[in-house]
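Worksheet: the structure to be examined is printed underneath.
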Amino acid sequence: MPQLAFIGSGRMAGAMVQGLLRSGACAPADITVIGGNDSTAVDLSKATGVRVASTPAELLAGADAIVLACKPQQFADLDKSYATLAQGKLVLSILAGTRLATIGTFFASARNVARAMPNTPGAVGQGISARCSATPLAAADAKIVDAILSGLGPVL
Ligand SMILES: NC(=O)c1ccc[n+]([C@@H]2O[C@H](COP(=O)([O-])OP(=O)(O)OC[C@H]3O[C@@H](n4cnc5c(N)ncnc54)[C@H](OP(=O)(O)O)[C@@H]3O)[C@@H](O)[C@H]2O)c1
């Protein structure tokens, strides 16, 4: 697995991180997280050992794939520098109700944009996620996306 960056470190991000670590797909040093103004990123780091970034640039330095896991209403306030910092990277969004086209417009220079709709039991690893992407995922990218989502339960 490549280096992963999580924008948002709440319940769903926590479930994905825990799943990646539990399965052995990632070591804590492979994952960096950032939150908003609250303490979720530090809390997740304390619980799992993953790195915490304090700026978008720090978060995405060295990251190959980005998981967008803030609330849909927080997406509008996302630091605009993410758009350019994401150049060439894979983006996976789990935002409910936010279209792939909207995510793709923001992350216009990403190498691909995938979206998944997990359901509520995913927060405790017992959900089912369906995924899709802007263009067909390369085999290596499909493997990354499925490994990330499997922390929430089976992936379709
Ligand atoms: N929960 C579910 O059952 C469920 C099911 C399906 C889909 N989803 C989707 O999953 C996503 C996450 O849901 P959740 O339940 O995990 O939410 P959550 O627990 O409220 O977590 C949201 C995270 O986003 C962070 N955040 C807020 N503003 C930010 C910003 N500007 N930049 C970076 N991070 C920011 C928050 O940080 P701080 O709190 O530390 O400020 C927090 O870590 C949502 O888009 C939702 O639609 C959730």
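In my numbering, the protein residues as written are 744 to 899. For glycine and all other residues, C-beta sits at the position ideal for the given N, C-alpha and C. Everything numeric in this text was worked out from a predicted model, so none of it was measured.
Inset, instruction - Can you check the segment 781-836 for any beta strand (DSSP E) of at least 3 residues that lies completely inside it and give the ranges in chain order? - result: 808-811 and 833-836
Legend entry - Residues that N855 bridges to, as DSSP identifies them: L833
Legend entry - Enclosing beta strand (DSSP E) for F849 [first to last residue]: That residue, F849, is in no beta strand (DSSP E); its alpha helix (DSSP H) goes L843 to F849.
Inset, instruction - Evaluate P799 with the Cβ neighbour count: other Cβ atoms within 10 Å of its Cβ, from every protein chain shown; 16 or more gives buried, anything less gives exposed. - result: buried
Inset, instruction - Have a look at G783 and M755 and give me their C-alpha separation to the nearest angstrom. - result: The sequence shown places Thr at residue 783, not Gly. Near 11 Å, if we compare the C-alpha coordinates of M755 and T783.
Legend entry - 7 Å CB neighbourhood of F849 in its chain, flanking five on each side removed: A826
Legend entry - Buried or exposed by the 16-neighbour rule on C-beta atoms within 10 Å, applied to G805: exposed
Inset, instruction - Please confirm whether any heavy atom of ligand 1 lies closer than 8 Å to the CB of S782. - result: yes
Legend entry - Alpha carbon of Q817 to alpha carbon of I846, nearest angstrom: 13 Å
Legend entry - Q746 at chain D interface by Cβ criterion, 9 Å: In the displayed structure, chain D is absent; only one protein chain is listed.
Legend entry - Sequence-distant residues of its chain with Cβ nearer than 8 Å to V867 (five each side left out): A758
Legend entry - Three or more C-beta pairs below 8 Å linking the segment 746-754 and the segment 770-788: yes
Inset, instruction - Tell me whether D884 is buried or exposed, calling it buried when 16 or more other Cβ atoms sit within 10 Å of its Cβ. - result: buried
Inset, instruction - Following the continuous alpha helix (DSSP H) through I750, name the residue where it begins and the one where it ends. - result: It is not in any alpha helix (DSSP H) - I750 instead sits in the beta strand (DSSP E) that spans L747 to I750.
Legend entry - Best match in V810, D781 and T791 for proximity to S797 [C-alpha to C-alpha]: D781
Inset, instruction - Starting from A873, follow its DSSP beta bridges and name the residues at the other end. - result: M860
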